[in-house]
Amino acid sequence: MFKRILIANRGEIALRIIRSAREMGMQSVAVYSEFDNYALHTRMADIAVPLGGQLPSESYLSIEKILQAANDTGAEAIHPGYGFLAENAEFARRVIEAGLAWIGPPPESIIAMGDKIESRRIMSAAKVPVVPGLTDPVDDFDAAIKAAEGIGYPIAIKASAGGGGKGIRIVQKPEDMEAAFRAASGEAVSAFGDGRLYLERYLDRPRHIEIQILFDGQGNGVHLYERECSVQRRHQKLLEECPSIVIDEELRAQMGEVALRAGRAVGYVGAGTVEFLYSHGEFFFLEMNTRLQVEHPVTEMVTGIDLVREQLRIAAGESLGYEQAEIPRNGWSIEVRINAEDPSTGFLPSTGKIGNLRLPGGPWVRVDSGMFRGMEVGLNYDPMLAKLVVWAPTRDMAVARMIRALQELHVGGVRTGAPAALAVLKHPDFLSGDFDTGLLATMEFGVTDEAEERLAAVAAVIHRRQLAKRSALAASAGAREGWVKRSRNSVSNFSSAPIFEGSEG
Amino acid sequence: MKYFVKVNGREHEVVIDEHSDELRVEVDGQVLDISYQEVDSLGQVAMNADGMAHAVSLDGDANSCHVVMAGYSYEIELEDERERAAHAAERESSGGGVVKSVMPGVVLELLVEVGDEVAERGPLLILEAMKMQNEIDSPSASRVTAVHVSKGEAVSAGQPLVTLEPLESAD
Chain A
93 MFKRILIANR
103 GEIALRIIRS
113 AREMGMQSVA
123 VYSEFDNYAL
133 HTRMADIAVP
143 LGGQLPSESY
153 LSIEKILQAA
163 NDTGAEAIHP
173 GYGFLAENAE
183 FARRVIEAGL
193 AWIGPPPESI
203 IAMGDKIESR
213 RIMSAAKVPV
223 VPGLTDPVDD
233 FDAAIKAAEG
243 IGYPIAIKAS
253 AGGGGKGIRI
263 VQKPEDMEAA
273 FRAASGEAVS
283 AFGDGRLYLE
293 RYLDRPRHIE
303 IQILFDGQGN
313 GVHLYERECS
323 VQRRHQKLLE
333 ECPSIVIDEE
343 LRAQMGEVAL
353 RAGRAVGYVG
363 AGTVEFLYSH
373 GEFFFLEMNT
383 RLQVEHPVTE
393 MVTGIDLVRE
403 QLRIAAGESL
413 GYEQAEIPRN
423 GWSIEVRINA
433 EDPSTGFLPS
443 TGKIGNLRLP
453 GGPWVRVDSG
463 MFRGMEVGLN
473 YDPMLAKLVV
483 WAPTRDMAVA
493 RMIRALQELH
503 VGGVRTGAPA
513 ALAVLKHPDF
523 LSGDFDTGLL
533 ATMEFGVTDE
543 AEERLAAVAA
553 VIHRRQLAKR
563 SALAASAGAR
573 EGWVKRSRNS
583 VSNFSSAPIF
593 EGSEG
Chain B
42 MKYFVKVNGR
52 EHEVVIDEHS
62 DELRVEVDGQ
72 VLDISYQEVD
82 SLGQVAMNAD
92 GMAHAVSLDG
102 DANSCHVVMA
112 GYSYEIELED
122 ERERAAHAAE
132 RESSGGGVVK
142 SVMPGVVLEL
152 LVEVGDEVAE
162 RGPLLILEAM
172 KMQNEIDSPS
182 ASRVTAVHVS
192 KGEAVSAGQP
202 LVTLEPLESA
212 D
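Heads up: the protein sequence lines correspond to chains A and B, in order.
For the first sequence, my numbering begins at 93 and goes up steadily by one.
For the second sequence, my numbering begins at 42 and goes up steadily by one.
Below is the structure:
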């Protein structure tokens, strides 16, 4: 097993990896950009290496700098986390060529699954069901209108190099094709530098259900059941569950088997996720994510399997050591992504400094977060502040526990998506299980209870009066204030960022 | 002292009288027995209203703030009677409104020019932030009287984008 690994990432996923590594007796090397001097991952790792630079291309995307850091610190393996270089086959290849272990799938698997058109071809050949549509990119909107006749409306226009919901447009009728095509192409070029688009059928009331798979280097593979990820907006997930309320034993076994077939078709090794669209009892391959997913904790809570630990074991050459039938599936888990965004303004990003912070606790509540009091939330990185995860014996109990945990969470200084998650958890369609990927789009946020608004109004007015009193006192305290500030500055080099983040902010 | 407090778009009236350290609080005509204690200087407050405890998290200034209670978020604008009178006069004289950017971003496309008429929720421009393209819409049926930004320009939160003048309703 490795003695020291380097984590080519930041934020909560870097912490997540540091934690498993430490539990396994491994040291972690963090790397960080100029913005992340005080980030939690740089403080929790055993060794922190500054990469310098402010742009991702100068730091978390710089293959040269990261390989140099691994060499300088004697790291034996590199974990890419998710995002940044996680699905960059060139990076994987360079890591392996440098004589280091790559904690991820073989570069060939990444390439095969990375191109949506290519992966559809491979999946069709492996008898993995795919959504009706074209595997070839279309040249322009005229060609798209012609092709759409054969596929049937509604049509989804997708970016060949896509991911994360960018560059996707839904078209209901031929007249709308031109505008949608242009917008999707523009977004694809700006997001991926590749404007190629392809078309497929948009499924009726689809659910996004994905299967977690694990392969060791000896060819053994298991699936760790499904995750329900249908609560999303603009293809960005907000809330995930394990298991899914619509999947029964038979379908679960069937989807698991198909997911393993998909993995085998590309020679997969490590942890990966096969995403399916589920519609009226049928399921179709959507894409495969050749990395650890954001929502992996719900699978961990239900199976009791530490996925990062398994990734590290597999990368070190160990075999799985268990069979499909030995994998537990116990109870229900829900995850909510706490993003810096404002649901009442259509989820526009929210920026600011985290003033106060109170994290939820109590039984079966897990918080994976790189957030700390005093953290600046800007637009430089992903807006996800935290992942709140709960476990309970049943779905109803998990829902109640998540509502309770969300009510305990206070993040001051920025808006978060928590009120939207609360609204979902109380929505009758979510509770009954009769929902699809369109659920969030149909909901209105920012509507609050009048009695609660009155209390908020009172708090705001008293706060205002307190501020006024303080500024009235300020004149006589002015000289003293200046002296206090100077003295604080003289020691601030040592403690400008807090070392411990307690659960009470 | 009377305050007009807009909470998530809905207005409430709060009357507060202070006698030594006793607070007399009335909200929308209803008397509330309130105690309010700051837990720290960071905006955490322990509030008790008619015997029920509330953990409140609060940030902002005298005229606008943001409150979190039990997972819900309350966007608040407040004015006292004097400010209300002053603001009313201001609104009277200027008319229309300025659409401001609620987030930092880049103007990807301008969809209107001065003189254009836009419907309620009609698109004004496309603002790109966090690699997502966000359509900024007109809050009401209006005529564009000024465009303050140009295509490709980087804007910060709160920066004026477009000035609108309300259209007379058709009937």
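Where a beta carbon is used, it is the ideal one built from N, C-alpha and C, also for glycine.
For clarity, every value in this text was computed on a predicted model and none was experimentally measured.
Beta bridge counterpart(s) of residue i as assigned by DSSP
i	result
E158(B)	R184(B)
S151(A)	In DSSP, S151(A) forms no bridge with anything.
M110(B)	V97(B) and Y113(B)
D121(B)	Y44(B)
P485(A)	None, per the DSSP bridge assignment.
Q119(A)	R96(A)
K518(A)	For K518(A), which the question treats as bridged, DSSP gives no partner whatsoever.
P201(B)	K141(B)
E79(B)	V86(B)
A251(A)	L289(A)
Q416(A)	In DSSP, Q416(A) forms no bridge with anything.
K219(A)	Paired residues: none, contrary to the question.
H29(B)	Examination of residue 29(B) is not possible in this model, given that chain B is present from 42 through 212 alone.
I303(A)	E318(A) and V366(A)
Short CB-CB distance (under 7 Å) between residue i and chain A
i	result
V147(B)	no
Q78(B)	no
H53(B)	yes
D100(B)	yes
V196(B)	no
V48(B)	yes
A160(B)	no
A87(B)	no
G138(B)	no
V68(B)	yes
Buried versus exposed call for residue i [16 or more other C-beta atoms within 10 Å across all chains shown]
i	result
Q264(A)	exposed
D100(B)	buried
L565(A)	exposed
T486(A)	exposed
Q85(B)	buried
T391(A)	buried
P172(A)	buried
N49(B)	buried
H133(A)	buried
G199(B)	exposed
T534(A)	exposed
R51(B)	exposed
R562(A)	exposed
N431(A)	buried
R502(A)	The residue you asked about is not Arg; residue 502(A) is His in the sequence shown. Buried, because 16 or more other Cβ atoms sit within 10 Å of the Cβ of H502(A).
Contact with chain B by residue i, beta-carbon distance below 7 Å
i	result
V553(A)	yes
P545(A)	It should be noted that the sequence gives Glu, not Pro, for residue 545(A). With 7 Å as the cut-off, E545(A) counts as an interface residue toward chain B.
N80(A)	Residue 80(A) lies beyond the range of chain A shown here (93 to 597); nothing can be said about it.
A549(A)	yes
A556(A)	The question names Ala, yet the displayed sequence has Arg at residue 556(A). True, the Cβ-Cβ gap to chain B drops below 7 Å.
Q416(A)	no
Q499(A)	yes
P199(A)	no
A559(A)	Inspection of the sequence shows that residue 559(A) is occupied by Leu rather than by Ala. By this cut-off, L559(A) is an interface position.
A432(A)	no
H519(A)	no
L440(A)	yes
T437(A)	yes
G144(A)	no
heavy atom of the ligand NAP below 6 Å from residue i C-beta
i	result
E500(A)	Looking for the ligand NAP in the displayed structure turns up nothing, as the structure carries no ligands at all.
Contact between the segment 308–327 of chain A and the segment 288–295 of chain A: three or more CB pairs below 8 Å?
no
Looking at chain A, which residues of the segment 107–130 of chain B have a Cβ within less than 8 Å of any of its Cβ atoms?
H107, V108, V109, M110, A111, G112, Y113, S114, Y115, E116, I117 and L119
With three or more beta-carbon pairs closer than 8 Å as the criterion, would you say the segment 181–193 of chain B touches the segment 107–127 of chain B?
no
Cβ contact (3+ pairs, closer than 8 Å) linking the segment 330–350 of chain A and the segment 550–563 of chain A
no
Are the segment 433–445 of chain A and the segment 489–508 of chain A touching by the rule of at least three beta carbon pairs closer than 8 Å?
yes
Contact set between the segment 95–119 of chain A and chain B, restricted to residues whose Cβ is under 7 Å from the partner:
none
Contact list for the segment 364–389 of chain A against chain B, Cβ threshold 7 Å:
none
Does the structure place the segment 103–118 of chain B close enough to the segment 541–552 of chain A that three or more beta carbon pairs sit under 8 Å?
yes
Stretch-stretch touch, CB-based, cutoff 8 Å, three pairs: the segment 188–200 of chain A with the segment 400–419 of chain A:
yes
Quick test of the definition: if touching needs 3 or more C-beta pairs under 8 Å, does the segment 515–535 of chain A touch the segment 49–69 of chain B?
no
Should the segment 367–383 of chain A be regarded as contacting the segment 214–221 of chain A, the criterion being three or more beta carbon pairs within less than 8 Å?
yes
Return the residues of the segment 272–299 of chain A that lie within a Cβ-Cβ distance of less than 7 Å from chain B, sorted by chain order.
E279 and A283
Touch check for the segment 406–414 of chain A and the segment 459–468 of chain A: three-plus C-beta pairs under 8 Å?
no
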